[in-house]
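Protein chains: 2
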Amino acid sequence: MTQKEPITVAITGAAGNIAYSLIYRICTGELFGNDQTLNLNLIDIEPALPILEGLIMELEDSNFHLINKILFTIDPFEGFRDADYAILLGAFPRNKNQTRKDLLGKNSPIFKIQGKALSLVAKRTVKVVVVGNPVNTNALVTAKYAENIPKENIVALTRLDMNRSLSQLSRKLTKNVSNIKNVFTWGNHSASQFVDLSNGYLLENSKKTPLTELVDEEWISGEFQKINQMRGKEVLLKRGKSSAGSAANAVLDCLKSWIYGTETYVSMGVISDNNPYNVPENLIFSFPCTCKNGTWKIAKDLKPNEFCKKMIKKNVDELLEERRIAFELLKD
Amino acid sequence: MTQKEPITVAITGAAGNIAYSLIYRICTGELFGNDQTLNLNLIDIEPALPILEGLIMELEDSNFHLINKILFTIDPFEGFRDADYAILLGAFPRNKNQTRKDLLGKNSPIFKIQGKALSLVAKRTVKVVVVGNPVNTNALVTAKYAENIPKENIVALTRLDMNRSLSQLSRKLTKNVSNIKNVFTWGNHSASQFVDLSNGYLLENSKKTPLTELVDEEWISGEFQKINQMRGKEVLLKRGKSSAGSAANAVLDCLKSWIYGTETYVSMGVISDNNPYNVPENLIFSFPCTCKNGTWKIAKDLKPNEFCKKMIKKNVDELLEERRIAFELLKD
């Protein structure tokens with residue numbers, strides 16, 4: 001097979017656990033194809049550099065034939081150079097005693113610099129997936145300062161929430177997950193997230209059965225939402241470490257949808273401009289999206305019920321407040 | 001694509017770091033194909049069960065369409081049931097104050113039980129890859145007690161040693177690793193391991209150049225061997241954790257070679273019966289192997305030089321001593 005000219009994939013937080021799960025899967029060709037060579041630009045903070053060096057030794061020892069070049073750096077202006085893809089995993093984690101405001105205060109400046117760096121040195125067509133929390137506002141800050149990059153190119157990961165909802169439904173219905181369609185989350189990747197089943201259906205033998213006919217409303221608005229909200233904590237409790245493999249998997253799912261297209265709705269945190277759901281402009285908000293030819297579109301034809309509208313409003317309010325805090329902090 | 005009936009893949013030490021890297025890659029279909037559904041039997045010790053539960057939650061949340069069923073257990077007689085493949089990652093790690101004998105004392109009884117379990121409940125055609133150290137002797141103990149399983153079905157992983165040698169040569173020669181052929185290790189997976197370059201060549205534009213013409217003998221017998229021996233420690237020092245992703249990758253490489261065949265030599269730790277290199281019978285020894293139709297063969301036509309013969313002898317002596325200790329300990 002003739003190999004394609006290398007593309008450049010930049011990853012921040014590259015010494016972390018999500019990266020450790022993600023990078024190997026990218027190197028096998030699972031995401032970009034078995035003929036697509038790669039320049040990997042691995043970015044992390046200074047104290048993590050030895051870990052990055054160890055990772056690079058292991059990648060060398062894996063002899064991936066698709067790797068053209070690996071670079072590691074603490075400088076986003078070097079790491080994002082000519083990037084075709086940027087996956088922003090790195091962020092300060094939330095401590096027990098920190099408020100959401102503290103967290104925004106720690107992370108907004110990082111994403112401001114990364115936005116500026118992307119703007120200055122990445123390809124204008126770069127596709128950016130933000131994963132570090134608080135992800136919606138981190139992505140918004142990135143978009144604000146990445147002046148030369150279209151806002152459409154910057155997406156916040158909300159796919160793990162969707163994947164978790166699907167997996168829970170699959171167990172509840174004892175049906176294969178690939179038969180469950182059009183389940184997605186609205187709004188913020190936070191405890192306020194709202195999983196919308198009202199458009200979802202089970203596809204069996206070409207027959208579509210609405211999910212609302214298969215699970216009762218009490219379960220949907222109660223246990224189902226709660227399990228989704230608590231899933232991350234539950235995994236952390238069991239493993240003693242936060243979700244890494246499933247987060248990396250969700251990043252891959254998100255990028256596969258974005259690059260190769262979708263047939264049904266998927267959750268993506270995208271810029272809210274021109275949405276038909278009364279979400280104010282200039283927020284990064286999780287919407288049901290469809291993708292085609294490398295671009296996403298917000299699904300336009302849905303009719304959220306009153307409860308859903310209320311939950312969208314709640315998420316809007318939360319994100320407006322996050323934006324206010326972040327932009328206030330970043331004022332020059 | 002129509003999916004094939006599930007095969008059963010059993011993994012011990014499934015809560016560990018190598019497993020965490022390995023299992024996701026197996027679930028994508030990278031090893032057994034994108035149409036091969038899987039029963040995953042995850043085995044670990046009691047204290048690790050919560051970690052396993054957390055891993056299973058994450059696998060659920062990754063919605064791999066190839067997973068048919070996941071089972072987790074501490075009992076190898078349950079975990080190996082109907083196994084088509086068994087990957088034995090679990091072993092007591094070596095503490096600073098432990099001798100090799102102490103380590104054999106800890107691990108031999110585990111692999112004895114696992115051998116018995118494989119014999120009793122796995123498919124007779126099961127392919128077993130042993131990874132936990134001391135890997136050669138652990139594999140030999142497994143083979144001894146797996147009376148119903150042909151000894152040819154049990155392989156000790158020495159592929160990571162080969163992969164590390166290849167990656168080092170690739171950097172030394174600044175050549176793509178896929179152009180470097182027939183480099184392999186003899187003997188024990190230990191500090192005594194010997195990487196043999198005397199049959200290796202660089203393939204460029206259909207021209208084969210012997211590696212011995214490209215790198216000088218002093219480097220081969222000095223720095224090259226030393227870097228290979230120290231590579232694992234070096235990674236541990238940098239990462240603060242031992243090699244996991246590259247070890248998982250080597251397991252996949254080993255199984256791909258075994259299942260799908262090879263064109264050149266690869267390192268596999270296999271039963272020494274009927275080898276032409278004066279290695280006594282009934283040892284698990286790393287030989288240059290070729291694979292075809294799911295079976296391996298020791299390369300027969302090599303002419304080890306005097307130094308290589310000396311190194312083979314050194315490895316034989318070490319493995320005879322390990323075998324003596326292990327079998328002595330296991331006497332009923």
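Protein chains in written order, with the UniProt record's numbering: chain A, 1 to 332; chain B, 1 to 332. Note that the Cβ used here is the ideal one computed from N, Cα and C, for glycine as well.
request  = Leaving aside the five residues before and after Pro109/B along the sequence, list all residues of the same chain whose C-beta is less than 8 Å from its C-beta, in chain order.
outcome  = As a working note, residue 109/B is residue 109 in the second sequence. In chain order, Leu329 and Leu330 place their CB closer than 8 Å to the CB of Pro109/B, counting only its own chain and leaving out the 5 sequence neighbours on each side.
Are the CB atoms of Tyr145/A and Ser119/A within a distance shorter than 8 Å? In the first sequence, the residue the question calls residue 119/A occupies position 119. In the first sequence, the residue the question calls residue 145/A occupies position 145. Yes, the Cβ-Cβ distance between Ser119/A and Tyr145/A is below 8 Å.
Practice item. Sort out for me which residues DSSP pairs Gln36/B with in a bridge. Key: Counted from its first residue, the second sequence places residue 36/B at position 36. According to DSSP, Gln36/B bridges with Lys4/B.
Check your understanding: Tell me the DSSP bridge mates of Thr73/B?
Key -> The sequence position of residue 73/B within the second sequence is 73, counting from 1. Answer is Ile43/B, bridged to Thr73/B.
Buried or exposed: which applies to Tyr265/B, given that a residue is buried once 16 or more other Cβ atoms fall within 10 Å of its Cβ? Within the second sequence, residue 265/B is the residue found at index 265, counting from 1. Counting Cβ neighbours within 10 Å, Tyr265/B comes out buried, since at least 16 surround it.
### Message
What does the alpha-carbon distance come out to for the pair Arg323/A and Leu283/A?
### Response
As a first step, residue 323/A is located in the first sequence; it is residue number 323 there, counting from the start. As a first step, residue 283/A is located in the first sequence; it is residue number 283 there, counting from the start. Cα-Cα distance, rounded: 8 Å.
* Have a look at Glu5/A and Thr125/A and give me their C-alpha separation to the nearest angstrom. => Within the first sequence, numbered from 1, the residue matching residue 5/A stands at position 5. Within the first sequence, numbered from 1, the residue matching residue 125/A stands at position 125. Roughly 16 Å between the two C-alpha positions.
In the DSSP assignment, the alpha helix (DSSP H) including Ser190/B goes from what residue to what residue?
Along the second sequence, read from residue 1 onward, the residue named residue 190/B stands at position 190. Ser190/B -> no alpha helix (DSSP H), and no H or E assigned at all.
_Any beta carbon from chain A within less than 8 Å of Asp61/B's own beta carbon?_
Position 61 of the second sequence, counted from the first residue, corresponds to residue 61/B. Yes, its Cβ sits closer than 8 Å to a Cβ of chain A.
Original post:
Any beta-carbon of chain B closer than 8 Å to the one on Ser198/A?
Top reply: Position 198 of the first sequence, counting from 1, holds the residue named residue 198/A. Chain B contact via Cβ: absent.
Whose C-alpha, out of Gly13/A, Leu140/A and Glu281/A, is nearest the C-alpha of residue 389/A? Within the shown structure, residues of chain A are numbered from 1 to 332, placing residue 389/A beyond reach of any answer.
**Asked** Does the beta-carbon of Pro134/B have 16 or more other beta-carbons within 10 angstroms, so that it is buried, or is it exposed?
**Response** For this step, residue 134/B is matched to residue 134 along the second sequence. Pro134/B is buried by the Cβ-count criterion.
Open item on the list: Considering just the uninterrupted stretch of the beta strand (DSSP E) at Tyr85/B, what are its terminal residues?
Closed with: Looking up residue 85/B in the second sequence gives position 85. That run of the beta strand (DSSP E) goes Tyr85 to Leu88.
Looking at the C-beta of Ile18/B, does it have a partner C-beta in chain A at a distance below 8 Å?
Here residue 18/B refers to the residue found at position 18 when the second sequence is read from its first residue. Closer than 8 Å: no.
Do you know offhand how far Ile70/A's Cα is from Ser286/B's? For the purposes of this step, residue 70/A is taken as the residue at position 70 of the first sequence. For the purposes of this step, residue 286/B is taken as the residue at position 286 of the second sequence. Computed Cα separation, rounded: 31 Å.
Quiz prompt | Delimiting residues of the beta strand (DSSP E) encompassing Phe287/B | solution = Here the question's residue 287/B lines up with position 287 in the second sequence. Counted as a single uninterrupted DSSP element, the beta strand (DSSP E) harbouring Phe287/B occupies residues Ile284 to Lys292.
Could you please tell me which residues of the stretch 140-168 of chain B, in chain order, have their CB closer than 9 Å to any CB of chain A? Within the stretch 140-168 of chain B, the qualifying residues are Leu160, Asn163, Arg164, Leu166, Ser167 and Gln168.
Please classify Glu147/A as buried or exposed, where buried requires at least 16 other C-beta atoms within 10 Å of its C-beta. The count along the first sequence starts at 1 and reaches residue 147/A at position 147. Under this definition Glu147/A is an exposed residue.
Just curious, the alpha helix (DSSP H) that Tyr201/B is in, first and last residue?
On the second sequence, position 201 is the one that residue 201/B refers to. Tyr201/B -> not in any alpha helix (DSSP H); beta strand (DSSP E) instead, spanning Tyr201 to Glu204.
With H, G and I counted as helix, E and B as strand and the rest as coil, what does DSSP make of Ile149/A? As a working note, residue 149/A is residue 149 in the first sequence. If DSSP states are grouped into helix, strand and coil, Ile149/A belongs with coil.
- Who are the neighbours of Glu58/A on chain B, taking C-beta pairs under 7 Å? Translated into the one-based positions of the first sequence, residue 58/A becomes position 58. The contacting residues are Val235, Ser243, Gly245 and Ser246.
Handout entry: Partners in chain B for Glu223/A, counting only beta-carbon separations shorter than 7 Å
Key = Position 223 of the first sequence holds residue 223/A. Chain B residues near Glu223/A: none, gap ~16 Å exceeds 7 Å.
Checklist entry - Candidates Asp317/A, Lys256/A, Lys309/A and Met268/A: which alpha carbon is nearest Gly33/A's? => result The count along the first sequence starts at 1 and reaches residue 33/A at position 33. That would be Lys256/A, whose Cα lies nearest to the Cα of Gly33/A.
Closer than 9 Å by beta-carbon distance: list the chain B residues that pair up with Gly54/A, in chain order. Within the first sequence, numbered from 1, the residue matching residue 54/A stands at position 54. Near Gly54/A (Cβ distances below 9 Å), the residues of chain B are Glu234, Val235, Leu236, Leu237, Lys238, Arg239, Gly240, Lys241 and Ser243.
Requested in this report: Check the Cβ of Glu30/A against every Cβ in chain B and list those closer than 8 Å, keeping chain order.
Outcome: Within the first sequence, residue 30/A is the residue found at index 30, counting from 1. Result: Thr28 and Glu30.
- When Gly29/A, Phe64/A and Trp219/A are compared against Asn249/B, the one with the closest alpha-carbon: Working through the second sequence from its first residue, we reach residue 249/B at position 249. Of the listed residues, the one whose Cα sits closest to Asn249/B is Phe64/A.
#### Entry: Contacting residues, own chain, Cβ-Cβ under 6 Å from Ile154/B (five flanking each side not counted)
Within the second sequence, numbered from 1, the residue matching residue 154/B stands at position 154. If we look at Ile154/B and ignore the five residues flanking it on each side, its Cβ neighbours are Val128, Ala139, Thr142 and Ala143.
Consult DSSP for Pro276/A and reduce its assignment to one of helix, strand or coil.
Your numbering for residue 276/A matches position 276 in the first sequence. DSSP places Pro276/A in coil when its eight states are reduced to three.
Should Ala191/B be labelled buried (16 or more other beta-carbon atoms within 10 Å of its own) or exposed? Within the second sequence, residue 191/B is the residue found at index 191, counting from 1. Classification for Ala191/B: exposed.
**Prompt:** Under a CB-based cut-off of 8 Å, is Pro50/A close to chain B?
**Reply:** Position 50 of the first sequence, counting from 1, holds the residue named residue 50/A. Output row for Pro50/A: interface = yes.
Practice prompt. Pick out whichever of Leu211/B, Phe194/B, Leu160/B and Gln193/B has its Cα sitting closest to the Cα of Asn182/B.
Written response: One-based indexing of the second sequence puts residue 182/B at position 182. Minimum Cα distance to Asn182/B is reached at Leu211/B.
| Under the rule that 16 or more other beta-carbon atoms within 10 Å means buried, what is Lys116/B, buried or exposed? | Taking the second sequence and counting its residues from 1, one reaches residue 116/B at position 116. By the beta-carbon neighbour count (other beta carbons within 10 angstroms, threshold 16), Lys116/B is buried.
Problem set entry | Run of the alpha helix (DSSP H) containing Ser198/B, from where it starts to where it stops | By 1-based counting over the second sequence, the position of residue 198/B is 198. Note, Ser198/B: premise wrong, no alpha helix (DSSP H); not H, not E.
Exercise. Can you give the beta carbon distance from Leu66/B to Gly16/B, rounded, assuming they're within the 8 Å contact cut?
Worked result: Indexing the second sequence from 1 puts residue 66/B at position 66. Indexing the second sequence from 1 puts residue 16/B at position 16. With a Cβ gap of about 22 Å, Leu66/B and Gly16/B do not count as contacting.
What's the gap between the Cα of Pro76/A and the Cα of Ile113/A? Counted from its first residue, the first sequence places residue 76/A at position 76. Counted from its first residue, the first sequence places residue 113/A at position 113. When rounded, the distance between both Cα atoms is 8 Å.
Three-pair Cβ contact test at 8 Å for the stretch 86-98 of chain B versus the stretch 271-278 of chain A: no
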